[in-house]
Amino acid sequence: MSVETAEAVKMPEFDATKARLISKRRRLSLPQWANAWIVLIPAMIFLVLFMFYPILNTFLMAFIQDFDFGKGAGSFALGNFFISLSNARKVHQTFGFENFRLVLTDDVFPRTILNTLTLVVIEVPLTIIVALLIATFLNSIKALKGLFQTIFFLPYVTNSIALGLVFTMLFSTGEGGIVNMFLMKVFGMKEPINWLKTFGTSGIEPATRGHQLVVIVTSAVWNGIAFKILVFLSGLATIDKQYYDAAKIDGSSNFTIWRRITLPLLSPQILYITITSFIGAFKMYTGVMSVYSSIAGSMNASYYFGGEKGEDWMPIVGWIYRILGTQTNTSKGVAAAGSLILLGIILFITLVQFAVSKKRVHY
Amino acid sequence: MAEHAMYFADKGALIRYRTKTIILRTLVYLFLTVFALFMLLPFVFMIVASFIKAEAFQEFTTRADFSQLGFTNWTFDNYAQVFADHYTDSLGHVLPRPSFGHYFLNTFIVAIGSTAVTVVTAVLAAFAFARLEFKGKNLLFTLLLATMMIPGEMMVITNYQTTIQIGWTNTFAALILVHGVSVFYIFYLRQTFQQIPNELYLAAKVDGVNDIGYLFKVMIPIAMPTITTIIILTLMGSWNSFVWPNLVANGNWKYNANYSMKLVSNGLMSLFGQQASGAADGGDTIKIAGSMVVTAPLFVFFIIFHKYIMRGVSRSGIKG
Numbered sequence: 000m001s002v003e004t005a006e007a008v009k010m011p012e013f014d015a016t017k018a019r020l021i022s023k024r025r026r027l028s029l030p031q032w033a034n035a036w037i038v039l040i041p042a043m044i045f046l047v048l049f050m051f052y053p054i055l056n057t058f059l060m061a062f063i064q065d066f067d068f069g070k071g072a073g074s075f076a077l078g079n080f081f082i083s084l085s086n087a088r089k090v091h092q093t094f095g096f097e098n099f100r101l102v103l104t105d106d107v108f109p110r111t112i113l114n115t116l117t118l119v120v121i122e123v124p125l126t127i128i129v130a131l132l133i134a135t136f137l138n139s140i141k142a143l144k145g146l147f148q149t150i151f152f153l154p155y156v157t158n159s160i161a162l163g164l165v166f167t168m169l170f171s172t173g174e175g176g177i178v179n180m181f182l183m184k185v186f187g188m189k190e191p192i193n194w195l196k197t198f199g200t201s202g203i204e205p206a207t208r209g210h211q212l213v214v215i216v217t218s219a220v221w222n223g224i225a226f227k228i229l230v231f232l233s234g235l236a237t238i239d240k241q242y243y244d245a246a247k248i249d250g251s252s253n254f255t256i257w258r259r260i261t262l263p264l265l266s267p268q269i270l271y272i273t274i275t276s277f278i279g280a281f282k283m284y285t286g287v288m289s290v291y292s293s294i295a296g297s298m299n300a301s302y303y304f305g306g307e308k309g310e311d312w313m314p315i316v317g318w319i320y321r322i323l324g325t326q327t328n329t330s331k332g333v334a335a336a337g338s339l340i341l342l343g344i345i346l347f348i349t350l351v352q353f354a355v356s357k358k359r360v361h362y
Numbered sequence: 000m001a002e003h004a005m006y007f008a009d010k011g012a013l014i015r016y017r018t019k020t021i022i023l024r025t026l027v028y029l030f031l032t033v034f035a036l037f038m039l040l041p042f043v044f045m046i047v048a049s050f051i052k053a054e055a056f057q058e059f060t061t062r063a064d065f066s067q068l069g070f071t072n073w074t075f076d077n078y079a080q081v082f083a084d085h086y087t088d089s090l091g092h093v094l095p096r097p098s099f100g101h102y103f104l105n106t107f108i109v110a111i112g113s114t115a116v117t118v119v120t121a122v123l124a125a126f127a128f129a130r131l132e133f134k135g136k137n138l139l140f141t142l143l144l145a146t147m148m149i150p151g152e153m154m155v156i157t158n159y160q161t162t163i164q165i166g167w168t169n170t171f172a173a174l175i176l177v178h179g180v181s182v183f184y185i186f187y188l189r190q191t192f193q194q195i196p197n198e199l200y201l202a203a204k205v206d207g208v209n210d211i212g213y214l215f216k217v218m219i220p221i222a223m224p225t226i227t228t229i230i231i232l233t234l235m236g237s238w239n240s241f242v243w244p245n246l247v248a249n250g251n252w253k254y255n256a257n258y259s260m261k262l263v264s265n266g267l268m269s270l271f272g273q274q275a276s277g278a279a280d281g282g283d284t285i286k287i288a289g290s291m292v293v294t295a296p297l298f299v300f301f302i303i304f305h306k307y308i309m310r311g312v313s314r315s316g317i318k319g
């Protein structure tokens with residue numbers, strides 16, 4: 000653009016050739032809506048194929064009985080239904096709630112909901128409260144602030160699988176496991192605790208679900224806190240310093256200032272973090288799996304979540320992936336139904352949060 | 000502190016105030032330090048353990064014997080094993096396995112490919128939403144917003160089938176193209192584009208620059224910091240991606256049966272498996288060295304680009 004501007008300045012008198020060229024270009028240029036669709040084409044191809052269509056298809060698949068993607072119209076769920084209607088090929092399919100019945104009567108699924116709920120209820124509030132404290136403290140200091148900020152952000156850039164292993168090792172069974180060592184040396188615990196291993200543990204008690212929970216929650220807090228601290232800090236930076244000065248003149252205590260000024264003014268960020276954390280926590284999978292990934296033994300580490308069958312702390316998404324991985328023809332419909340139930344839970348929780356927050360969030 | 004003096008009735012009150020402030024300050028720093036140590040502990044542990052001889056580490060974990068961590072027991076052997084292209088199982092057989100160099104190569108290919116596709120689609124789409132007028136714009140945009148609410152698993156189920164059906168299992172196409180568009184980045188860029196003043200657009204029009212020319216000559220240069228952030232976050236996402244590659248590209252390449260398709264995270268998982276079940280020596284320390292090899296490059300990356308990363312992350316909230 001700058002080049003053309005320079006040319007225009009250099010040529011004050013009318014240039015017939017250039018004028019004709021410009022008008023020609025104008026005539027050739029397409030209307031704006033056409034340009035818009037042209038630049039949207041690349042994104043739309045991907046969106047339609049790998050986002051819009053999958054959402055619709057998975058939704059339909061959940062309601063089709065014995066969905067068999069090996070036959071008929073392949074992955075196109077509704078296509079299979081049409082083929083079954085036209086009787087062109089022998090594909091017997093009907094709409095119904097069979098898949099949901101299979102999900103809800105499954106041996107494991109109800110427990111995965113309970114597992115996920117337990118993990119969410121412990122992990123999310125804990126992480127948010129600690130993150131809020133750290134952010135407030137960080138905001139109140141000057142020296143070393145940058146260093147602390149960088150350290151607290153580090154977990155964000157780590158690989159979940161790698162860090163899962165490190166947590167398994169920190170909580171390892173022997174007296175030299177870092178956590179056991181700490182508890183024995185500092186708190187005088189007598190016997191080392193077996194935190195994670197539930198089989199192949201000759202001579203020691205297999206890990207209880209409670210012990211496993213400690214490891215999962217610790218690593219989840221460690222993993223999830225960086226992002227929350229960062230968001231709270233950016234929120235705190237926008238609060239006007241005048242409020243604090245006014246409160247100080249009134250002689251308010253630090254805690255009152257935090258409760259009456261910081262918290263209300265930070266409430267949009269707190270709401271945002273609460274909602275995204277709950278959604279993220281209900282979808283937890285890699286974080287839990289990675290803690291167990293190095294002790295799965297002969298079982299498939301991708302679907303192993305402690306216990307003899309790998310189901311001790313299996314989350315909903317872990318169950319969905321395990322079903323999906325079984326590769327039987329009907330498993331896809333069941334997995335689809337499971338994912339719809341997950342969507343239902345997430346929507347419900349989000350709506351409740353919005354309703355509750357209406358009175359408490361100050362924008 | 001001198002400016003506070005006027006608020007206090009007498010000298011005693013001022014001294015009490017100052018003492019309280021100092022105690023509070025100390026407590027704040029104490030809390031932050033304890034938590035910083037908690038944050039750093041896994042890294043320190045990982046670095047130290049990755050350099051310790053296997054037997055010495057075994058001794059240390061079972062008996063809490065710190066003398067095992069002495070310098071005589073330090074070694075590079077764990078890293079040599081991670082980058083070796085074979086391992087010895089408990090029966091003494093030498094078995095081939097891809098080295099981490101191989102996983103790195105795969106990850107680079109996927110990271111660069113998917114970053115290129117994601118950035119191109121996001122820039123073009125964000126341009127349409129931010130600058131151009133067309134019928135159905137609001138409807139389409141609302142539709143995009145709605146997809147962000149839906150758990151990715153719903154898409155994975157059908158995408159997994161589609162991938163199998165069009166024969167993309169164990170190909171780079173499945174890893175690069177299926178996640179070739181990010182609704183969030185379209186959003187993020189659209190916001191940046193919208194902040195560019197309208198006058199620039201009108202000025203460009205007067206100069207005879209068409210819409211596409213305006214995008215490339217004005218908008219992209221102005222929005223470059225945001226685009227850089229997107230590039231960096233996408234690269235990081237590819238490096239840490241696990242679930243999707245684990246489903247569709249966990250075997251050997253479709254076109255070469257000797258070429259493993261695994262990315263770093265999946266390679267790490269298979270390393271855990273081999274060391275746990277079959278490998279003869281150095282189980283734990285090799286696993287830790289493998290974890291270190293996967294974590295360290297991202298750290299270097301973070302140190303160089305931390306400004307872009309932290310700015311981008313504070314607005315997003317995606318973790319790979």
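For the protein sequence lines, the chains are A and B, in the order given.
Residue numbers for the first sequence follow numbering that gives the first Met the number 0, so the first one is 0 and each next one is one higher.
Residue numbers for the second sequence follow numbering that gives the first Met the number 0, so the first one is 0 and each next one is one higher.
Backbone N, C-alpha and C define an ideal beta-carbon position, used for all residues, glycine too.
Supposed contact pair residue j and residue i - C-beta distance, whole angstroms, cut 8 angstroms
| i | j | result |
| --- | --- | --- |
| B/A288 | A/G175 | Incorrect: roughly 19 angstroms between the Cβ atoms, too far for contact. |
| B/Y102 | B/L94 | Not confirmed; about 17 angstroms, so no contact. |
| A/I278 | A/T349 | 7 angstroms |
| B/Y187 | B/T227 | Not quite, the Cβ-Cβ distance comes to about 12 angstroms (not below 8 angstroms), so this is no contact. |
| B/A127 | A/A35 | 4 angstroms |
| A/I54 | B/T146 | 7 angstroms |
| A/Q268 | A/F231 | 6 angstroms |
| A/V290 | A/T167 | 6 angstroms |
| B/F133 | A/Q352 | Incorrect: roughly 35 angstroms between the Cβ atoms, too far for contact. |
Contact with chain A by residue i, beta-carbon distance below 8 angstroms
| i | result |
| --- | --- |
| B/H92 | no |
| B/Y159 | yes |
| B/D76 | no |
| B/V47 | no |
| B/N239 | yes |
| B/H85 | no |
| B/A12 | no |
| B/E132 | yes |
| B/L188 | no |
| B/S264 | yes |
Any chain B beta carbon closer than 8 angstroms to residue i
| i | result |
| --- | --- |
| A/V156 | yes |
| A/P41 | yes |
| A/F166 | yes |
| A/Y242 | no |
| A/E204 | no |
| A/G198 | The sequence shown places Phe at residue 198 of chain A, not Gly. Taking Cβ atoms only, chain B never reaches closer than 8 angstroms to A/F198, which makes this a no. |
| A/L323 | yes |
| A/W312 | no |
Neighbourhood of residue i by C-beta, 7 angstroms cutoff - its chain only, sequence neighbours within 5 removed
| i | result |
| --- | --- |
| A/M188 | L182 |
| B/F304 | I231 |
| B/T106 | S237, W238, L262 and V263 |
Residues near residue i by beta carbon distance below 8 angstroms, same chain, minus five either side
| i | result |
| --- | --- |
| A/F96 | F62 |
| B/V312 | L232 |
| A/F94 | F62, I63, Q64 and F80 |
| B/Q67 | I51, A55, F56, E58 and F59 |
| A/V220 | E122, L125, T126 and V129 |
| B/A203 | G212, Y213, K216 and V217 |
Chain-order list of residues whose beta-carbon lies under 6 angstroms from that of residue i (same chain, five-residue window excluded)
| i | result |
| --- | --- |
| A/W413 | The displayed coordinates of chain A run from 0 to 362. Any statement about residue 413 of chain A would go beyond what the structure contains. |
| B/I185 | A121, A124 and A125 |
| B/F99 | V81, F82 and V292 |
**Prompt:** Should the segment 131-150 of chain B be called in touch with the segment 243-261 of chain B, which here means at least 3 C-beta pairs below 8 angstroms?
**Reply:** no
Within the chosen definition, does the segment 294-307 of chain A reach the segment 187-207 of chain A through at least 3 CB pairs nearer than 8 angstroms?
yes
Review point. Is the number of C-beta pairs between the segment 73-83 of chain B and the segment 259-268 of chain B that are closer than 8 angstroms three or more?
Key: No, they do not touch.
query: Is the number of C-beta pairs between the segment 149-161 of chain A and the segment 251-263 of chain A that are closer than 8 angstroms three or more?
result: no
Practice prompt. Let me know the alpha helix (DSSP H) ranges lying completely inside the segment 260-314 of chain B, each 4 residues or longer, listed in chain order.
Written response: 263-276 and 282-314
Practice task
State whether the segment 313-332 of chain A contacts the segment 280-293 of chain A, with contact taken as three or more CB pairs (one from each stretch) at a distance under 8 angstroms.
Solution key: Between the segment 313-332 of chain A and the segment 280-293 of chain A there are three or more inter-stretch CB-CB distances shorter than 8 angstroms, so the stretches are counted as touching.
**Asked** Using 8 angstroms as the Cβ pair cut-off and three pairs as the minimum, do the segment 134-144 of chain A and the segment 19-33 of chain B touch?
**Response** A contact exists between the segment 134-144 of chain A and the segment 19-33 of chain B.
- prompt: Are at least three pairs of beta-carbons, each pair with one atom in the segment 171-184 of chain B and one in the segment 235-249 of chain B, less than 8 angstroms apart?
  reply: yes
Task: alpha helix (DSSP H) segments (min. 4 residues) lying fully within the segment 220-263 of chain B - done: 223-239 and 242-247
### Message
Which runs of the alpha helix (DSSP H) at least 4 residues long sit entirely within the segment 214-261 of chain A? Give them in chain order.
### Response
Here the runs fully enclosed are 240-248 and 253-256.
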